[in-house]
Each structure stands twice: as structure tokens, then as C-alpha cells.
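These notes are about the structure you will find just below.
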Amino acid sequence: MQPRNLALVLSLSFTVFAAAHPAYSAPPAEAASCLACHGAQGEGMAVAGYPRLAGLSAEYISEQLKAYIDGRRVNAIMSDMAKPLTIVQIQSVATFFSTLPMPTQAGTPLSDATQADRGQQLAERGDWSAGIPACFNCHAPGGIGIQPSFPPIIGQPAAYIEAQIRAWKSGTRQAEPQNLANALMYNVALRMNDNQIKSVAAWLAAQPTAPKNQH
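Sequential numbering of the sequence shown, starting at 1, is according to the numbering used here.
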């Protein structure tokens, strides 16, 4: 993106944010570059597969930024964004997005009923014949998350959910034996086939969300 265009995007993002959150004159400086992709209210950008950050815990966001820095998570854009940040700046970014409420999102019925049924089964009941537990066993009923270890997954872009499961499966998002959540996701992803990954990602993305009190 050209610098002039990026400046325009950030300027518009600040305007939208200030209107929606009058208590803030602007996001902290270190969070400014996040807004172009993750939205002025941390709502994400589904069409591009950029995840929602609003409603995630500060601890979870902080840990993910550190993972991009040390290579436990691999993404060229995010690694370049995260590496220059200091610990204090990481905490500032994480705290900022954690204070934003999860935006309201209406549910969207999937056009493929078979895919919808398969995705719902995996999310709510799993597929024990393949050794796959339900997503909601760890991410809580309704997929609202048990933070900080298990983030909310409903309403996240399908492309993002799918990409993360594939990253776990391929090892580009590393399993860490000392991190129970990471180890669980790695082992679950290994058991999932392409059809299952696409189905559960599509179903989770289509579920409605609503703001809730984060504190």
C-alpha cells in the first residue's frame, strides 16, 4: 500500500473510532498500524481473512504478538509488524484491543446444508470416531471462549479459522508441550481432513455474536 493511501485509511479509521468511542481521542500510537487491517473497532476484515481482535483478552493478544516475534507463529505481515514492538508497546496494543467490545454480528445461514450440519457437529459434538473433540469442549458452549487460553471463535472470518487449523496441522503454528492449549490444537488439527476444516470454519464464521461485558 502506498504511504499516502495508508495515511488516508488510518485517518478514516481514527475518525470512525473516535465517533464510536468518544472516551478515546485516538488509539495509542503503537496500535495505529493495526487498524487498517483489523478495523477501527477491532472488528476484523472478513473479506481479507483478518481476524477480529475486539473482545480478546489482553493476555492472549500479547502472547500472540510475542509468538510472531519469536517465530512460533508465522505470517510475513504480522511478523514485520510485531518485531519492532517493545514489551511496553505490546502491552499497550493488547490492552487497547481488549477494551473494545465484541461487535454485534447477525448469523448468516450457510447455503450448503450438508456443510452446515457437518460444521455444527464438529463444533458442538466433535467426531469421536476420528478422535476429534468438539470445539466447544475447550472454547466454551457457543464458542465464546475461556480466556486467555481459549479465545472466542464464533464470528471470526472463515478464512482465518481455516488458515489457523492448517497452520497447526502443518506445524507453522507451533505446538508447545508446555502450553496445553497449543498442544491440544496441534493434536486436533492433525486429525482433521480438508472437508472437516472447511466445514467447521464456515459454520463458526456464520454464527451470530453480541457484545458482552469483558470485565
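From the three backbone atoms N, C-alpha and C, an ideal C-beta is built for every residue, glycine too.
Decide if residue i is buried, meaning its Cβ has at least 16 other Cβ atoms within 10 Å, or exposed.
| i | result |
| --- | --- |
| residue 114 | exposed |
| residue 141 | exposed |
| residue 168 | buried |
| residue 22 | Residue placement at residue 22 cannot be trusted, given a pLDDT of 39 that sits under 50; what the coordinates show is reported in the next sentence. Under this definition residue 22 is an exposed residue. |
| residue 197 | buried |
| residue 53 | buried |
| residue 126 | buried |
| residue 100 | buried |
| residue 104 | exposed |
| residue 122 | buried |
| residue 87 | exposed |
| residue 209 | buried |
| residue 188 | buried |
Quick check on DSSP: helix, strand or coil for residue i?
| i | result |
| --- | --- |
| residue 112 | coil |
| residue 23 | The pLDDT assigned to residue 23 is 47, lower than 50, so where the model puts this residue is not dependable; a value taken from the coordinates is nonetheless given after this. Residue state, collapsed to three classes: coil. |
| residue 209 | strand |
| residue 102 | coil |
| residue 81 | helix |
| residue 195 | helix |
| residue 200 | helix |
Closer than 6 Å to a non-hydrogen atom of the ligand ADP - does that hold for the CB of residue i?
| i | result |
| --- | --- |
| residue 49 | The model on display carries no ligand, and the ligand ADP is accordingly not part of it. |
Could you work out which residue in the options is closest to residue i when comparing CA atoms only?
| i | options | result |
| --- | --- | --- |
| residue 203 | 59, 180 and 110 | 110 |
| residue 164 | 74, 121 and 33 | 74 |
| residue 49 | 189, 149 and 205 | 205 |
| residue 159 | 51, 194 and 84 | 51 |
| residue 119 | 42, 184, 154 and 185 | 154 |
| residue 102 | 139, 156 and 86 | 156 |
| residue 191 | 105, 166, 34 and 146 | 166 |
| residue 84 | 116, 33 and 182 | 33 |
| residue 112 | 211, 149 and 199 | 199 |
The segment 27–35 contacting the segment 90–97, beta-carbon criterion three pairs below 8 Å: yes
Three CB pairs or more closer than 8 Å across the segment 62–72 and the segment 124–131: no
Start-end ranges of the alpha helix (DSSP H) lying completely within the segment 127–186, minimum 4 residues: 135–139 and 158–170
The segment 53–61 in contact with the segment 72–87 per 3-pair CB rule at 8 Å: No, the segment 53–61 does not touch the segment 72–87.
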